[in-house]
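Here is the structure we will look at.
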Amino acid sequence: MKLKIPENIDAIVPYPPGKPLEELEREYGISNSIKLASNENAWGPSPKAVAAIGQSLQGLHRYPDGSSFYLTEALAGWLGAGMDEIVLGNGSNEVIEFLVKAFVRTGDEVITSHPSFLMYQKFVQVRGGRNRVVPLEDMRHDLAAVTDTVNDKTRLIFLDNPNNPCGTFFTAREFDRFLKELPESVIVVLDEAYVDFVDAEQRIDILSYIRRPEGIAAVVALRTFSKAFGLAGLRVGFGLMHRDIAQLLHRVRQPFNINLPAQAGALAALSDDAHYHATLNKTRAGRLWLQQEVKIEFQLLIYLKMFLEKLMILKFLVHIYVQKL
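In structure tokens:
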């Protein structure tokens with residue numbers, strides 16, 4: 002086909018979705034596999050969410066509420082935010098797309114870290130922007146290097162906190178120091194997809210940042226129902242931001258972007274505190290168990306390494322001794 006493809010689109014490598022688990026099992030002749038690549042919730046969604054989704058199916062002949070009013074209202078109450086500070090997306094990745102659409106033009110720059118979520122960079126490529134990628138330092142965001150990368154073309158900075166895939170995160174004190182070095186024209190986007198699994202006392206008080214006075218770089222936080230709430234299949238995410246930024250994102254948002262079952266399921270999931278906290282507690286317990294097991298195995302590997310090193314030294318000394326005989 003003789004298509005005139007824009008260079009920025011032609012350069013994009015499609016997101017690698019991977020094969021369905023069933024196909025991989027057939028291909029390798031295995032069974033009872035567990036998919037780890039997507040960081041999916043091991044405990045499943047709230048039974049209340051499943052029931053609400055089923056009930057919502059009776060209304061599929063009608064369009065969903067284009068403003069997701071009741072879900073937004075419930076989120077505002079759950080977070081202590083204003084309804085006008087919340088923007089819902091078909092997954093938090095759609096809110097990323099809104100931000101790039103609203104603020105990035107051809108030639109503008111966006112800073113991301115590596116490794117991190119691939120879609121930050123892909124949306125920038127679609128807009129004809131330039132990605133400036135800063136490598137992690139010791140598996141953590143190198144905030145000093147990010148600051149050094151900022152220039153007058155920088156529009157957005159994406160920082161997943163906790164980082165995906167490393168799980169490391171920075172503190173409020175580190176973030177404060179970082180923000181003070183940035184120009185007011187830059188928007189810092191904190192992707193907090195995994196923040197539910199961070200102990201409450203270690204989290205950043207995001208509302209205090211999005212409501213900061215002028216003179217400080219704007220902050221946007223991204224959250225999702227895919228992880229702690231176990232609703233990855235519904236695709237529901239949201240952004241927390243200053244109301245002025247939210248109004249801009251609504252200008253580029255398609256109507257009806259959150260479907261009816263997704264609104265019903267997410268709303269019900271928010272009401273099930275017991276399931277939410279049980280999921281967090283089970284996940285934390287599993288994490289502690291894994292850390293302990295890995296620590297034991299790692300210690301055994303160290304001992305094995307020391308043993309092999311001593312064995313090699315002994316072998317070398319025997320070789321020297323035999324040579325002298």
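Residue numbers for the sequence shown follow the working numbering, so the first one is 2 and each next one is one higher. We put the beta carbon where it would ideally sit given N, CA and C, even for glycine. Predicted model, so just to flag it, every value in this text is computed and none were measured.
Apply the 10 Å Cβ neighbour rule to residue i and answer buried if 16 or more other Cβ atoms are within range, or exposed otherwise.
{"i": "valine 319", "result": "Confidence at valine 319 is low in this model, with a pLDDT of 49, below 50, so its placement is unreliable and no value can be given for it."}
{"i": "glycine 240", "result": "buried"}
{"i": "arginine 174", "result": "exposed"}
{"i": "valine 190", "result": "buried"}
{"i": "threonine 107", "result": "exposed"}
{"i": "histidine 142", "result": "buried"}
{"i": "serine 114", "result": "buried"}
{"i": "lysine 228", "result": "buried"}
{"i": "histidine 251", "result": "exposed"}
{"i": "tyrosine 322", "result": "Caution is warranted here: a pLDDT of 49 is assigned to tyrosine 322, below 50, making its placement in the model unreliable, and no coordinate value can be reported."}
{"i": "phenylalanine 53", "result": "Looking at the sequence provided, one finds alanine at residue 53 rather than phenylalanine. It counts as buried."}
{"i": "lysine 311", "result": "The predicted position of lysine 311 is uncertain, since its pLDDT is 48 and thus under 50; no value can be drawn from it."}
{"i": "arginine 236", "result": "buried"}
{"i": "glutamate 23", "result": "exposed"}
{"i": "methionine 2", "result": "exposed"}
{"i": "glycine 55", "result": "exposed"}
{"i": "leucine 58", "result": "exposed"}
{"i": "histidine 276", "result": "buried"}
{"i": "threonine 280", "result": "buried"}
{"i": "arginine 156", "result": "buried"}
{"i": "phenylalanine 308", "result": "Note that phenylalanine 308 scores a pLDDT of 49, beneath 50, so its modelled location is shaky; the value from the coordinates is reported in the next line. Exposed."}
{"i": "glycine 168", "result": "exposed"}
Are the beta-carbon atoms belonging to residue i and residue j less than 8 Å from one another?
{"i": "phenylalanine 118", "j": "isoleucine 188", "result": "no"}
{"i": "arginine 244", "j": "glycine 83", "result": "yes"}
{"i": "tyrosine 210", "j": "valine 220", "result": "yes"}
{"i": "serine 93", "j": "leucine 223", "result": "yes"}
{"i": "glutamate 185", "j": "isoleucine 205", "result": "no"}
{"i": "glutamate 41", "j": "serine 34", "result": "no"}
{"i": "threonine 148", "j": "glutamate 182", "result": "yes"}
{"i": "arginine 192", "j": "aspartate 161", "result": "Reading the sequence as shown, one finds aspartate at residue 192 and not arginine. Contact flag set, yes."}
{"i": "isoleucine 97", "j": "threonine 150", "result": "no"}
{"i": "aspartate 273", "j": "alanine 50", "result": "yes"}
{"i": "arginine 254", "j": "phenylalanine 99", "result": "yes"}
{"i": "phenylalanine 179", "j": "leucine 137", "result": "no"}
{"i": "isoleucine 10", "j": "valine 127", "result": "yes"}
{"i": "leucine 76", "j": "leucine 261", "result": "no"}
Three-state secondary structure (DSSP) at residue i?
{"i": "serine 114", "result": "strand"}
{"i": "arginine 252", "result": "helix"}
{"i": "alanine 169", "result": "Checking the sequence shown, residue 169 turns out to be threonine, not alanine. Of the three classes helix, strand and coil, the one that applies to threonine 169 here is coil, per DSSP."}
{"i": "proline 184", "result": "coil"}
{"i": "valine 319", "result": "Low per-residue confidence applies at valine 319: pLDDT is 49, beneath 50, and the placement is therefore not dependable enough to give any value."}
{"i": "valine 295", "result": "helix"}
{"i": "valine 134", "result": "strand"}
{"i": "valine 125", "result": "helix"}
{"i": "lysine 311", "result": "A caution first: lysine 311 carries a pLDDT of 48, below 50, which makes its placement in the model too unreliable to give a value."}
{"i": "glycine 238", "result": "strand"}
{"i": "arginine 174", "result": "helix"}
{"i": "alanine 38", "result": "coil"}
{"i": "glycine 55", "result": "helix"}
{"i": "glycine 90", "result": "strand"}
{"i": "isoleucine 217", "result": "coil"}
{"i": "alanine 222", "result": "strand"}
{"i": "aspartate 245", "result": "helix"}
{"i": "threonine 155", "result": "strand"}
{"i": "aspartate 149", "result": "helix"}
{"i": "arginine 27", "result": "helix"}
{"i": "arginine 141", "result": "strand"}
{"i": "leucine 268", "result": "helix"}
{"i": "valine 190", "result": "strand"}
{"i": "leucine 160", "result": "strand"}
{"i": "leucine 61", "result": "coil"}
{"i": "asparagine 79", "result": "In the sequence as presented, asparagine is not what sits at residue 79; that position holds tryptophan. Helix, per DSSP."}
{"i": "asparagine 260", "result": "coil"}
For the putative contact between residue i and residue j, defined by C-beta atoms under 8 Å, what is the C-beta separation to the nearest angstrom?
{"i": "lysine 154", "j": "glutamate 95", "result": "Not a contact, Cβ separation roughly 25 Å."}
{"i": "valine 199", "j": "proline 256", "result": "Valine 199 to proline 256, Cβ: 34 Å. No contact."}
{"i": "alanine 263", "j": "threonine 225", "result": "Not really, about 12 Å apart at Cβ, beyond 8 Å."}
{"i": "isoleucine 259", "j": "proline 65", "result": "6 Å"}
{"i": "glycine 231", "j": "proline 46", "result": "4 Å"}
{"i": "tyrosine 16", "j": "lysine 123", "result": "7 Å"}
{"i": "phenylalanine 171", "j": "tyrosine 121", "result": "In fact, because the Cβ distance is near 17 Å, the residues do not count as touching under 8 Å."}
{"i": "lysine 296", "j": "tryptophan 44", "result": "With a Cβ gap of about 24 Å, lysine 296 and tryptophan 44 do not count as contacting."}
Got a sec: does the ligand NAD put a non-hydrogen atom nearer than 7 Å to the Cβ of residue i?
{"i": "glutamate 23", "result": "Judged by which ligands are present, the structure shown has none, so any question about the ligand NAD falls away."}
Item to check | Touching by the beta-carbon criterion (3+ pairs, under 8 Å), the region 128 to 143 and the region 84 to 93 | outcome: With a cut-off of 8 Å, the region 84 to 93 and the region 128 to 143 do not count as touching, because too few Cβ pairs lie within range.
Checklist entry - Is the region 261 to 277 close to the region 61 to 81, with three or more CB pairs under 8 Å? => result Counting Cβ pairs under 8 Å, three or more are found: they touch.
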